[in-house]
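Taking it in order: structure first as structure tokens, then the write-up.
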Amino acid sequence: MVTGKKRTFVLYPSLGVGHLIPMVELAKHLLRHGHGALIAVVNPPDTDAVSVAAVERLAAANPAIAFRLLPVPASPDAGADWVKRDLDTLRLANPVLRDFLLRSQPATALILDMFCVDALDVAAELGVPAYFFFASAAGDLAMFLNLPYLYPTLPSFRDMSEALVRCPGMPPVRAMDMPLTVQDRDSDRIKVRMYQFRRIPEGRGVLVNSFAWLEPMALRALGDGVCVPGRPTPRVFCVGPLVNDGSSTAGSGGRHECLAWLDTQPKRSVVFLCFGSKDACSVLIALFLYHQFY
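If you read the sequence shown in the numbering used here, its first letter stands for residue 44, the second for the next number, and so on.
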């Protein structure tokens with residue numbers, strides 16, 4: 044990751060406010076280190092989009108961060124599964140992103156959400172270094188990068204019940220506890236996810252919302268390249284904990300009840316581990332990091 048003199052970073056979240064808010068926290072982190080940050084938000088005309096009002100609230104709460112809405116067409120297959128529909132929409136956003144980057148001041152780097160893998164093609168065309176921001180734990184990253192190589196040797200996770208899934212850098216996980224979007228190996232969802240996980244190593248590096256002493260096993264596996272056999276593994280940078288304190292979210296601005304509860308617990312007394320939905324995983328990891336340091 045580039046350091047030193049002031050740089051300008053363009054941050055590119057996936058669809059939904061759950062992907063935007065972690066990028067806002069990363070932008071605040073970059074600002075604290077003297078860099079500039081601009082968040083380009085894909086804005087399709089459907090329910091998958093982050094609402095304009097949500098972006099306006101975040102912009103008002105974070106005036107030092109520049110926000111730009113990128114209007115793009117909706118997915119041409121409105122009846123498709125939401126995972127496939129999101130991929131289609133992000134692909135349609137590539138020409139708009141390209142034009143935006145050409146019109147903007149030169150970017151030091153493009154920082155992509157883990158699902159915005161097709162934006163790698165835009166970065167390569169324009170000669171802009173592209174990094175990924177993985178807003179969850181390094182262990183999750185190790186598992187996701189390994190799945191395209193592991194899963195073809197296994198039945199569907201939904202058929203394995205309590206059988207253990209073993210990925211480098213991770214403790215064994217029951218198949219039934221793997222993320223819902225990868226439970227059926229023959230579904231359209233898994234095809235999209237495997238495509239996305241395979242492309243992440245094409246980035247210059249991956250920023251993870253974690254820190255080294257918490258996940259030495261996962262970081263060692265990523266550093267040794269065993270999660271992505273036969274291919275180079277990008278360098279992993281620990282930039283966490285980046286946690287929203289509830290004061291500048293896209294919601295009402297009130298403090299989240301989970302954080303209020305954690306404030307009453309003894310320090311370092313609560314540990315969360317979750318392999319359910321992406322939102323649940325991100326929330327629980329964030330709560331754990333918050334409780335460790337705030």
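Beta carbons: idealized from backbone N, C-alpha and C, even for Gly.
Span of the beta strand (DSSP E), counted from its first residue to its last, around I233: In the sequence shown, residue 233 corresponds to position 190, counting from 1. Counting along the chain, I233 falls outside any beta strand (DSSP E), though it belongs to the alpha helix (DSSP H) covering 231 to 242.
Every unbroken alpha helix (DSSP H) inside the region 51 to 135 [4 residues or more]: Fully contained in the region 51 to 135 are the following alpha helix (DSSP H) runs of length 4 or more, in chain order: 60 to 75, 95 to 104, 125 to 135.
Buried versus exposed, by CB contacts within 10 Å (16 or more), V282: Here residue 282 refers to the residue found at position 239 when the sequence shown is read from its first residue. V282 counts as buried, since at least 16 other C-beta atoms from the protein chains shown sit within 10 angstroms of its C-beta.
Per-residue burial, R236 [other beta carbons within 10 Å of its own, 16 or more giving buried]: As a working mapping, residue 236 is identified with position 193 in the sequence shown. Residue burial is scored here from C-beta neighbours: R236 has at least 16 other C-beta atoms within 10 angstroms and is therefore classed as buried.
DSSP beta-bridge partners of V165: By 1-based counting over the sequence shown, the position of residue 165 is 122. As far as DSSP is concerned, V165 takes part in no beta bridge.
N- and C-terminal bounds of the beta strand (DSSP E) containing R278: Here residue 278 refers to the residue found at position 235 when the sequence shown is read from its first residue. In the DSSP assignment, R278 falls within the unbroken beta strand (DSSP E) covering 278 to 281.
Environment of F177 [buried if 16+ CB atoms lie within 10 Å]: Here residue 177 refers to the residue found at position 134 when the sequence shown is read from its first residue. Label assigned to F177: buried.
Which of helix, strand or coil DSSP assigns to D156: Taking the first residue of the sequence shown as 1, we reach residue 156 at position 113. In this structure, D156 counts as strand in the three-state DSSP scheme.
Pair within 8 Å by beta-carbon distance, A264 and A185: For the purposes of this step, residue 264 is taken as residue 221 along the sequence shown, with counting starting at 1. For the purposes of this step, residue 185 is taken as residue 142 along the sequence shown, with counting starting at 1. Closer than 8 Å, so yes.
Sheet register partners of R217 (DSSP bridge): Here residue 217 corresponds to residue number 174 of the sequence shown, with the count starting at 1. For R217, which the question treats as bridged, DSSP gives the partners L207.
N- and C-terminal bounds of the beta strand (DSSP E) containing A264: Here residue 264 refers to the residue found at position 221 when the sequence shown is read from its first residue. A264 -> not in any beta strand (DSSP E); alpha helix (DSSP H) instead, spanning 259 to 267.
Bridge-paired residues (DSSP) for V251: Translated into positions along the sequence shown, residue 251 becomes position 208. DSSP output for V251 lists F177, C281 as bridge partner(s).
Backbone CA spacing between R242 and V160 [nearest angstrom]: Here residue 242 is taken as the residue at index 199 of the sequence shown, counted from 1. Here residue 160 is taken as the residue at index 117 of the sequence shown, counted from 1. Roughly 6 Å separates the two Cα atoms.
Spatial neighbours of C270 in its chain, beta-carbon cut-off 6 Å, leaving aside the 5 residues before and after: For this step, residue 270 is matched to residue 227 along the sequence shown. Correct list, in chain order: A185, L188, N189, P211, A264.
Cβ-Cβ separation, V67 to L101 (assumed contact under 8 Å), whole Å: Residue 101 sits at position 58 when you count from the first residue of the sequence shown. Residue 67 sits at position 24 when you count from the first residue of the sequence shown. About 6 Å separates the Cβ atoms of L101 and V67, confirming a contact at the 8 Å cut-off.
Short Cβ contact (8 Å threshold) for L155 with Y238: Here residue 155 refers to the residue found at position 112 of the sequence shown. Here residue 238 refers to the residue found at position 195 of the sequence shown. Against a cut-off of 8 Å, the Cβ pair of Y238 and L155 comes out as no contact.
Nearest candidate by alpha-carbon position, reference L250, set T51, G61, H72: As a first step, residue 250 must be located in the sequence shown, where it is residue number 207. Measuring C-alpha to C-alpha distances from L250 to each of T51, G61, H72 identifies H72 as the nearest.
Coil, strand or helix - N189 by DSSP: Taking the sequence shown and counting its residues from 1, one reaches residue 189 at position 146. N189 falls in the helix class under three-state DSSP.
Contact the region 138 to 154 vs the region 221 to 229: 3+ CB pairs below 8 Å: Contact fails: fewer than three Cβ-Cβ distances are below 8 Å.
Reduced DSSP category for R146 - H, G, I as helix; E, B as strand; rest coil: For this step, residue 146 is matched to residue 103 along the sequence shown. R146 falls in the helix class under three-state DSSP.
Buried/exposed call for P114, threshold 16 Cβ in 10 Å: Within the sequence shown, numbered from 1, the residue matching residue 114 stands at position 71. Classification for P114: exposed.
T307 burial status per 10 Å Cβ neighbour count (16 or more: buried): If you number the sequence shown from 1, residue 307 lands on position 264. It is exposed - the Cβ of T307 has fewer than 16 other Cβ atoms within 10 Å.
6 Å CB neighbourhood of F158 in its chain, flanking five on each side removed: Along the sequence shown, read from residue 1 onward, the residue named residue 158 stands at position 115. Taken in chain order, the residues that qualify are S57, Q239.
Cβ distance (whole Å) where G170 is taken to contact A261 below 8 Å: Against the sequence shown, residue 170 aligns to sequence position 127. Against the sequence shown, residue 261 aligns to sequence position 218. About 32 Å separates the two Cβ atoms, so there is no contact after all.
Assigned secondary structure, R274 (DSSP; H/G/I helix, E/B strand, else coil): Position 231 of the sequence shown, counted from the first residue, corresponds to residue 274. Looking at R274 - three-state DSSP - the assignment turns out to be coil, as it is neither helix nor strand.
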